[in-house]
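**Student:** Below you will find the structure I want to go over with you.
Protein chains in written order, with the working numbering: chain A, 1 to 342; chain B, 1001 to 1342.
What follows is the structure, given as C-alpha cells:
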C-alpha cells in the first residue's frame, strides 16, 4: 500500500469493509466521519481494514468543509507567523478558512487530531516541520484529504508532496560571503541534526570551506536547536575559545540574535570583532542593531505554494507522487558582516 | 433589540419567521446554517426577520463543530502569535481546534465570513482588535454563537464581553519610571487614536507628567501606528528637534525598535543619549541590543482568559452582559533606560 496521495486503489466498498469488520455500513461511515459514538475497539478494527484495503472515500470536493488545516510541530516565533500569513493569503482567495493546530505534545484523550480532521474533512492539510506517521497518512488518504509537507523535518519520502527551500545553497552562499570578506576561522551553530533543512545548511557551509581550500574544524561547529537561547549558549562557547572564530554562520535568525547577546556580554562588537550571518530573514532581522546579514527563506511564498499545491491535489484527485519543490534562498547583506579584525 | 450575549428573547419560532418571510421553514434553516443555495434577496429578508425578532437558535452545544474562531484585524507580528498560542492552549485542553481569520480587507464575494461562521457553528468567536458591526453581532446571536472581544479597538459597549489589559496603568508606570530616573523632557509615540488601548496608554503618560508637576508638551506627542516604520519616522521627527526629548515612551515594542533605528541613524546611543520604553514585552524585547525596558502586557494570559470566557458563555447560555476584564500590566526594567545625559 502506498501512503500519501498515491494512485487511487478502491479495492473494497464501504459495504465490504463493514462485512469484513462484522459491523453495519453506517458504523463504517461513522468511523470515516470521525464520529465519537463508536467503540474504540470497533474503530481500530475498521481503521485497520480501511488501511489494509487502501480505501479512499468517494466524492472529491463534495462534503468537504471550506477549511484548510495547518499543523505546526511547534507554534512559536515570527517564523510560524510568516507561514500562517502565506496560507491565509491563499485560503482567503479561495473562500476558505484556516484551522491551526500544534502537534508537539498534543495528546488529546479519546479523539485524536486525525479523528478531528477526518470529522471536519478540510480541503487539505499542510504539515509544517511536522511529520505524519504511516497510520496518519493512511487515515487522511482513506478520507481523500490531500496533504503537503512544508520544509520537512525528516525525509518525507519521495511519494509525499512537499515544499522546501534551497537550504544547502543558502549555507553555501552565507559562508562564501564570509570567505570573500577575508574570514578563515568561521564557526557554525547548527539546528537539530534530525531536521533535514538543518543538515543541508551545515553541508553547504562545509562545501564552501572545502571548495575555498579552507580546513573544516569540527570544534567550530556547535550543535543547537532553532531557539534564541541555543544561539546564546553555543555563542558563549565559541567566543570563549582561545582561538575564537572571527565569523559565525548561525542556523537561523533567532540563534543569530542569541549570538549577538553572547557577543555583547563578552564585550565583542558586531561586525568589528565578529561577523554574524543568520538564516530565514524574519522581520526582526531588519530591526536589530546592527541589522542582520542573513539568508532569506521565502517563507510566505513557500506557504502559499504549499497551500496551492494541496488544493490542486484536492481538485484533480490525481497522483502527485514525487512532487518536491524547493524555492530559492538568497543572501541579504546588511550590517552584521565585515572584514575580520586585523 | 440588544446585541451580543444579551437576555434570551425567543419571541418567534422558526416556523413563524418562515411564514412572515413567505418562505418554507427549511429555507430559514438553510439561512441559519449558512448554506449557499438560498437567493441573496431571500437571505437578506430572512436575516432581517431573525434579527428583528431577536431569534436565537436552540440546542446550545448540540450541533456545534469542535472549533473556536479567532479573528484578527490584521495578522502580523509576534503580538498575534502570543494571542494564537493562548487560544491554542485552551482549545487543546478542550479538544477543540482553532480557526484563524483576518478581517482587514476581507471581502469574500458571495459568502461572507459571518456566513462561514454560521455554517460551521463554532463553540465561540474571539475577535482581536476587531469590532463586529450590529448585523454581525445579530447574526452570531441568532445562531447562539457566543463571542468575546479581546483588547477592544473601539468602545465595544458595556453589553459585549471583553478582555483587555490595564493600558492606562501601563502608560503611567512607564512614564513614572522615566521621571524617577530624572527625565523631564519625555516624548511619546502613540498608536492609532481610534484604538482605546492606545488612547489609554497616552492618557497614563499624561497623568504621570501632570502628577509629577511636569508640563505636557503636545509637540513631544507624535501620532503613529503600531508598526516599526511608524516608530522610526516619529522617532526621527522627535530626535531632530532642537530641544529633543531625552526619553521616549513608545506605543508598543515594534515602535520602540523603530525608534532604536532612528537613534542609531542619528548617532544617538540608547540609553546614554536616549532612554526608551516600549509596550507589550514581545519575546524580541529581550533579544535586541540593548534589551528593551517595556510594559508587559500578558497577551497569552489575556487570550486564554478570552477563550475560557467564550466557552463559559457557550456552556451556560447565560447573559454575561457587562463582563469586562482587564488583566494587569507590569513594568519590566531592562537596559534601554537610564539617567538623562548630563
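Using N, Cα and C, we set each Cβ at its ideal position, and we do this for glycine too. Note that this is a predicted model, so its numbers are computed, not measured.
Using the Cα positions of residue 1231 of chain B and residue 1199 of chain B, report the straight-line distance between them to the nearest angstrom.
**Tutor:** So the two alpha carbons sit approximately 17 Å from each other.
**Student:** Looking at the structure shown, is residue 81 of chain A part of a helix, part of a strand, or coil, going by DSSP?
**Tutor:** DSSP places residue 81 of chain A in helix when its eight states are reduced to three.
**Student:** Pull out every residue of the region 1079 to 1099 of chain B whose Cβ sits closer than 8 Å to any Cβ of chain A, in chain order.
**Tutor:** Cβ contacts with chain A: 1080, 1081, 1084, 1085, 1088, 1092, 1095, 1097, 1098, 1099.
**Student:** So, using beta-carbon positions, are residue 1137 of chain B and residue 1118 of chain B closer together than 7 Å?
**Tutor:** No, the pair does not count as a contact, with Cβ atoms beyond the cut-off.
**Student:** To which residues does DSSP link residue 1186 of chain B through a beta bridge?
**Tutor:** BP columns for residue 1186 of chain B point to B:1247.
**Student:** Can you name the residues of chain B whose CB is closer than 9 Å to the CB of residue 75 of chain A?
**Tutor:** Going along chain B in sequence order, the residues near residue 75 of chain A (Cβ under 9 Å) are 1081, 1084, 1085, 1088.
**Student:** Any beta carbon of chain A sitting closer than 7 Å to that of residue 1124 of chain B?
**Tutor:** No, because no Cβ of chain A sits closer than 7 Å to the Cβ of residue 1124 of chain B.
**Student:** State yes or no: is the C-beta of residue 332 of chain A within less than 7 Å of the C-beta of residue 296 of chain A?
**Tutor:** Contact flag set, yes.
**Student:** Using a beta-carbon distance below 7 Å, is residue 1244 of chain B in contact with chain A?
**Tutor:** It does not: the Cβ of residue 1244 of chain B has no partner Cβ on chain A nearer than 7 Å.
**Student:** Check the C-beta distance from residue 1014 of chain B over to residue 1025 of chain B and give it rounded, since I have them as a contact under 8 Å.
**Tutor:** That pair is a contact at about 6 Å.
**Student:** Using 7 Å as the threshold, is the C-beta distance between residue 281 of chain A and residue 252 of chain A below it?
**Tutor:** No; because the gap between Cβ atoms is not below 7 Å, this pair is not in contact.
**Student:** For chain B, is any of its Cβ atoms less than 7 Å away from the one on residue 264 of chain A?
**Tutor:** Yes, because at least one Cβ of chain B sits closer than 7 Å to the Cβ of residue 264 of chain A.
**Student:** Are the C-beta of residue 1032 of chain B and some C-beta of chain A separated by less than 7 Å?
**Tutor:** For residue 1032 of chain B, the answer is no, since every Cβ of chain A falls outside 7 Å of its Cβ.
**Student:** Using 7 Å as the threshold, is the C-beta distance between residue 218 of chain A and residue 1101 of chain B below it?
**Tutor:** No, the pair does not count as a contact, with Cβ atoms beyond the cut-off.
**Student:** When the cut-off is 7 Å and only beta carbons count, does residue 1228 of chain B lie next to chain A?
**Tutor:** Yes, because at least one Cβ of chain A sits closer than 7 Å to the Cβ of residue 1228 of chain B.
**Student:** Counting only the same chain and skipping the five closest in sequence on each side, list residues whose C-beta sits under 8 Å from that of residue 209 of chain A.
**Tutor:** Contacts found: 175, 179, 186, 215, 216.
**Student:** Hey, out of A:235, A:17, A:325, whose CA is closest to residue 163 of chain A's CA?
**Tutor:** Comparing Cα-Cα distances from residue 163 of chain A to each of A:235, A:17, A:325, the minimum goes to A:325.
**Student:** Can you find at least 3 beta carbon pairs, one from the region 1229 to 1246 of chain B and one from the region 1258 to 1265 of chain B, that sit closer than 8 Å?
**Tutor:** Flag = yes, the region 1229 to 1246 of chain B and the region 1258 to 1265 of chain B touch.
**Student:** On the DSSP bridge list, what partners appear for residue 275 of chain A?
**Tutor:** Paired residue(s): A:247.
**Student:** Just confirm the distance between the C-beta atoms of residue 1204 of chain B and residue 1172 of chain B, as a whole number of angstroms; I'd bet it's less than 8 Å.
**Tutor:** Indeed they touch by this definition, with Cβ atoms about 4 Å apart.
**Student:** On the three-state DSSP scale, how would you describe residue 1037 of chain B?
**Tutor:** Residue 1037 of chain B: coil per DSSP, three-state reduction.
**Student:** Using a Cβ cut-off of 9 Å, pull out every chain B residue sitting near residue 65 of chain A, in sequence order please.
**Tutor:** Residues of chain B passing the Cβ test: 1065, 1119, 1120.
**Student:** Can you grab the Cα-Cα spacing for the pair residue 18 of chain A / residue 56 of chain A, in whole Å?
**Tutor:** Whole-angstrom Cα-Cα distance: 14 Å.
**Student:** Against chain A, which members of the region 1259 to 1284 of chain B pass a CB distance test of less than 8 Å?
**Tutor:** For the region 1259 to 1284 of chain B, which is checked against every Cβ of chain A, the residues closer than 8 Å are 1260, 1261, 1264, 1283, 1284.
**Student:** Which residue from A:54, A:244, A:121 puts its Cα closest to that of residue 135 of chain A?
**Tutor:** Nearest of A:54, A:244, A:121 to residue 135 of chain A, Cα basis: A:54.
**Student:** Closer than 6 Å to a non-hydrogen atom of the ligand SAM - does that hold for the CB of residue 1239 of chain B?
**Tutor:** Ligands displayed in this structure: none; no statement on the ligand SAM is therefore possible.
**Student:** Measure the CB-CB distance between residue 1329 of chain B and residue 1293 of chain B and report whether it falls below 7 Å.
**Tutor:** No, Cβ-Cβ distance for residue 1329 of chain B and residue 1293 of chain B is not below 7 Å.
**Student:** Using a Cβ cut-off of 7 Å, pull out every chain B residue sitting near residue 116 of chain A, in sequence order please.
**Tutor:** Simply 1066, 1097.
**Student:** Once the 5 residues before and after residue 1308 of chain B are set aside, which same chain residues still bring their CB inside 8 Å of it?
**Tutor:** Excluding residues within five positions, the ones whose Cβ falls inside 8 Å are 1090.
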